[in-house]
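Be aware that the sequence shown starts at 4, since it is given in this note's numbering, and climbs by one per residue.
Everything below concerns the one structure shown next.
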Amino acid sequence: MKQLKEYNIPFVGLKVGKHQFEYQIGKTFFETFEYDDFNDVAIKVDVLLEKKSNMLELEFTSNGLVNINCDSTNEPYDQDTTGSLSLVVKFGDEYNDENEELLVLPHGEYQINIAQYIYEMIVLSIPTKRVHPGIEDGSLKSEILEKLEELQPKQTDENSGEIDPRWNTLKKLLTDK
Numbered sequence: 004m005k006q007l008k009e010y011n012i013p014f015v016g017l018k019v020g021k022h023q024f025e026y027q028i029g030k031t032f033f034e035t036f037e038y039d040d041f042n043d044v045a046i047k048v049d050v051l052l053e054k055k056s057n058m059l060e061l062e063f064t065s066n067g068l069v070n071i072n073c074d075s076t077n078e079p080y081d082q083d084t085t086g087s088l089s090l091v092v093k094f095g096d097e098y099n100d101e102n103e104e105l106l107v108l109p110h111g112e113y114q115i116n117i118a119q120y121i122y123e124m125i126v127l128s129i130p131t132k133r134v135h136p137g138i139e140d141g142s143l144k145s146e147i148l149e150k151l152e153e154l155q156p157k158q159t160d161e162n163s164g165e166i167d168p169r170w171n172t173l174k175k176l177l178t179d180k
């Protein structure tokens, strides 16, 4: 995680008040977490840190595009994504991150690494069902969809009114009781 040191915020040297931080998140950010569901990533993350005398309040917001594969067709497409996250940092005897909205840092800490929070915010802002917009409006042309269309069972008009004679023989078994 040494490559994530750019996400360290040294809060000890900051004055009491609000401070703005901005990050451009790309695919290499997710490679450090070994997360490979995204083909490409272009997300801007804004972090507003409000330093108070006894705690820190962080507001994360993200906005951008993530190129992912559709769950139905496996075709790549760009998914708009926006996310937000609030985090309160307090100081105590030992490190504690059990609560997702509250982080307790030991009294001697001088910085906070926000990479994990950015990662979770972006991953959780992606829809669980990923559907290519071309499927919804019918404009997607894909080899997979064409093959499925070709292999779909055809119903002909001449057979739609007739019943297979084998079913009639089976129906006799029900009436022969």
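Where a beta carbon is used, it is the ideal one built from N, C-alpha and C, also for glycine.
Which whole-angstrom value describes the C-beta separation of residue i and residue j, a residue pair presumed to lie in contact below a C-beta threshold of 8 Å?
i	j	result
D43	N70	4 Å
T35	L7	6 Å
I125	T84	7 Å
V15	K55	Actually they do not touch by this definition, with Cβ atoms about 14 Å apart.
D40	Q23	Between Q23 and D40 the Cβ distance is about 30 Å, and since that is not below 8 Å, they are no contact.
Where DSSP assigns a beta bridge to residue i, which residues make up the other side?
i	result
N70	D43, D81
K93	M58, V107
G86	S65
L52	H22, L61
N99	V107
With respect to the beta strand (DSSP E) encompassing residue i, which residues constitute its N-terminal and C-terminal limits?
i	result
K21	20-28
I115	114-116
P13	11-13
Once the 5 residues before and after residue i are set aside, which same chain residues still bring their CB inside 8 Å of it?
i	result
V134	C73, D74, S75
Y120	L61, F63, L88, L90
F94	N57, M58, V107, L108, P109, H110, E112
Name the two residues that bound the continuous alpha helix (DSSP H) containing residue i.
i	result
P136	136-140
Kindly indicate if chain B contains any beta-carbon less than 8 Å away from that of residue i.
i	result
D81	Absent here is chain B; the protein component of the structure consists of one chain.
Go through its chain and collect everything with a Cβ distance to residue i's Cβ below 7 Å, but skip five positions before and after it.
i	result
A118	L7, Y10
For residue i, which residues of its own chain have a beta-carbon under 6 Å away from its beta-carbon, when the five flanking residues on both sides are left out?
i	result
G137	L143
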